[in-house]
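S.K.:
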Amino acid sequence: MQSQQHLPQRRSFFGKLALLGSALLLAPFSRPRPARPGNPDTELQTQQTAYRLTPHIRKYYETAAR
Numbered sequence: 000m001q002s003q004q005h006l007p008q009r010r011s012f013f014g015k016l017a018l019l020g021s022a023l024l025l026a027p028f029s030r031p032r033p034a035r036p037g038n039p040d041t042e043l044q045t046q047q048t049a050y051r052l053t054p055h056i057r058k059y060y061e062t063a064a065r
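Numbering (this note's numbering), first residue to last: 0 to 65.
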């Protein structure tokens, strides 16, 4: 049997290939997510009008203020 020589260039190539493959695999996860479509003013109005002051909450506020 002949002894095989280890070529540093070959090891370097496979190391770079593994690094490139990992980078390509993780690339889609590094992009920022696009903003949600919609008007922020409309969403704010919806959130503000969604709160209802129910009778038991009103009673709590009245008693807590004393």
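Backbone N, C-alpha and C define an ideal beta-carbon position, used for all residues, glycine too.
From Ser11 to Pro27, what does the alpha carbon distance come to, in whole angstroms?
M.R.: Mapped onto the sequence shown, residue 11 falls at position 12. Mapped onto the sequence shown, residue 27 falls at position 28. Cα to Cα, Ser11 sits roughly 26 Å from Pro27.
S.K.: Distance check for Pro31 and Lys15, CA to CA, integer angstroms please.
M.R.: Start at 1 with the first residue of the sequence shown, and residue 15 comes out as number 16. Start at 1 with the first residue of the sequence shown, and residue 31 comes out as number 32. Cα to Cα, the separation comes out at about 26 Å.
S.K.: Just the Cα atoms here: how many angstroms apart are Phe13 and Gly20?
M.R.: Along the sequence shown, one-based indexing puts residue 13 at 14. Along the sequence shown, one-based indexing puts residue 20 at 21. Cα to Cα, Phe13 sits roughly 10 Å from Gly20.
S.K.: With DSSP as the reference, label Gln4 as helix, strand or coil.
M.R.: If you number the sequence shown from 1, residue 4 lands on position 5. Three-state result, Gln4: coil.
S.K.: Roughly how many angstroms lie between the CA atoms of Tyr59 and Pro33, to the nearest whole one?
M.R.: Position 60 of the sequence shown, counting from 1, holds the residue named residue 59. Position 34 of the sequence shown, counting from 1, holds the residue named residue 33. Between Tyr59 and Pro33, the C-alpha separation is close to 42 Å.
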